[in-house]
Structure formats: C-alpha cells, structure tokens
Amino acid sequence: MAKLKASIGLINPKSPTNVGGVLRAAGCYDAKQVFFTGNRYANAKKFHTDTKNVVERIPLIETASLESVKPEGATVVVIELIEGATPLPEFKHPENAFYIFGPEDGSIPKDLLQWCDEVVYIPTIGCMNLAATCNVVLYDRLAKLGGVESSDTTIINSRDTNNKMRWHKASD
Numbered sequence: 006m007a008k009l010k011a012s013i014g015l016i017n018p019k020s021p022t023n024v025g026g027v028l029r030a031a032g033c034y035d036a037k038q039v040f041f042t043g044n045r046y047a048n049a050k051k052f053h054t055d056t057k058n059v060v061e062r063i064p065l066i067e068t069a070s071l072e073s074v075k076p077e078g079a080t081v082v083v084i085e086l087i088e089g090a091t092p093l094p095e096f097k098h099p100e101n102a103f104y105i106f107g108p109e110d111g112s113i114p115k116d117l118l119q120w121c122d123e124v125v126y127i128p129t130i131g132c133m134n135l136a137a138t139c140n141v142v143l144y145d146r147l148a149k150l151g152g153v154e155s156s157d158t159t160i161i162n163s164r165d166t167n168n169k170m171r172w173h174k175a176s177d
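Put into structure tokens, the structure is as follows:
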C-alpha cells in the first residue's frame, strides 16, 4: 500500500482554540501539514491551544490561496454541510488527500468548489466546531485506510505520561 498523505486547509479559522485543536488532531492522525487563510488566526495566535506542541513537527502555514498550496497529486476534499455532498460514512478516502474545512461562521467560497474533487459532510444533529470536525474526518480516514496499529503498544505510545492504567476483565 502507498504511504498515506493527508494535508489540511482551513479557510479563515475563527479562533486560535480551534486551530490548536486542529493541530492536535493533525498530530494524532498523521496529517503532514496545515494551511490557513484569512487574518483572524494570525491576529490571535498567541492564545493558541496546541498543548502537544505539534506545530514543532507539523508545519502551520499561512497562505493567501489554498489552491496555490494544494499538495502535488492530492485529491481536494471539502468538508462542509452542502446539499448533494457525500455522507462521511459512505466516503472512500483517497490515499493522498487535501482536506479543506470552512469557517465556523460561514461557508466555503463558491469559487473553491470549482477546483475541489469531492464534497463530504458529517451527518450530525446540528453542526460541529472546526476542531471536532477535523478530528472526526481524520479518525474516519485512519479507521478506513489503516495506518495505526490497534494494540497495547499503540496505547502505551499515545497516552499521557501520567496514565499507566491496565485493564483486565474480571472472570464471570
């Protein structure tokens, strides 16, 4: 199987809290880079919540145009509540994907839809915030495509250093 590649594009993200949450999701689910447009995050980034310092290993890059930074060979997948979009449970993730998320208080610009390849939505009751949406999409990607071993070793390598718990099911 080819090496999985995922990049993230954020359109004018509303808050540093959510960008920090997106960075943490990128670190947990092996995204390679995060791009963002607009000035709201740049003006407030000193209040970031990237508690795992993911930005030290995953680039966070400001850009005027997500189209100009589309990774080579990537399928552009817009995640948005748009009529006619594919529900996430039915979506087959490409190995090389550029996931684009719109702002929480707006929509994807119509001109972006002209150069995207897929539009996907998460069936929910109401809408989720940016960081939650990113986590769900990237988790779904790894669950469907693989990329992380399901084992106690994965748990040990992923958990907080203060967590040393083990569970053994009691016999009936």
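For the sequence shown, my numbering assigns the number 6 to the initial residue and increments by one for each residue that follows.
Virtual Cβ for every residue (Gly too), placed ideally from N, Cα, C.
- Query: Are the segment 61-70 and the segment 90-97 in contact at 8 Å, needing three or more beta carbon pairs?
  - Reply: With a cut-off of 8 Å, the segment 90-97 and the segment 61-70 do not count as touching, because too few Cβ pairs lie within range.
- Task: With DSSP collapsed to three states, give me the class of Ser12.
- Result: Of the three classes helix, strand and coil, the one that applies to Ser12 here is strand, per DSSP.
- CB Gly43 to CB Asn23, shorter than 7 Å? No.
- Message: Let's test the definition: count the other Cβ atoms within 10 Å of the Cβ of Asn140 and tell me whether it reaches 16, buried, or not, exposed.
- Response: Buried is the call here.
- Task: Inspect the beta-carbon positions of Phe103 and Ala79 and report whether they are closer than 7 Å.
- Result: Going by beta carbons, Phe103 and Ala79 fall inside the 7 Å limit.
- Query: Where does the unbroken beta strand (DSSP E) through Val83 begin, and where does it stop?
  - Reply: Under the DSSP assignment, Val83 falls in the beta strand (DSSP E) whose first and last residues are Thr80 to Ile84.
- Is Leu150 helix, strand or coil when you go by DSSP? Leu150 falls in the helix class under three-state DSSP.
- Mind checking whether Phe106 and Leu135 have CB atoms under 7 Å apart? Yes, they are a contact pair.
- Report the option in Gly152, Ala137 and Ile13 whose CA atom is closest to the CA atom of Val74. Closest by C-alpha distance to Val74, out of Gly152, Ala137 and Ile13, is Ile13.
- Item | C-alpha gap between Val83 and Ala31, whole angstroms | Approximately 16 Å, taken between the alpha carbons.
- Message: Please classify Thr138 as buried or exposed, where buried requires at least 16 other C-beta atoms within 10 Å of its C-beta.
- Response: Result: buried.
- Helix, strand or coil: how does DSSP classify Glu72 here? Helix.
- Message: Quick check: what's the CA-CA separation for Ser20 versus Asp157?
- Response: Those two C-alpha atoms are separated by around 35 Å.
- How is Glu95 classed by DSSP in three states: helix, strand or coil? Glu95: helix per DSSP, three-state reduction.
- Task: Would you give the residue range spanned by the beta strand (DSSP E) that Asn101 belongs to?
- Result: Unbroken beta strand (DSSP E) run through Asn101: Asn101 to Phe106.
- Round the Cβ separation of Leu117 and Val124 to the nearest angstrom and send it over; I've been treating them as touching at under 8 Å. The beta carbons of Leu117 and Val124 sit about 10 Å from each other, so the pair does not count as a contact at 8 Å.
- Message: Contact defined as beta carbons within less than 8 Å: I believe Asn188 pairs with Pro76. What is the distance between those atoms, to the nearest angstrom?
- Response: Any question about residue 188 goes unanswered here, given that the chain covers just 6 to 177.
- Query: So what's Tyr126 in DSSP terms, helix, strand or just coil?
  - Reply: Looking at Tyr126 - three-state DSSP - the assignment turns out to be strand.
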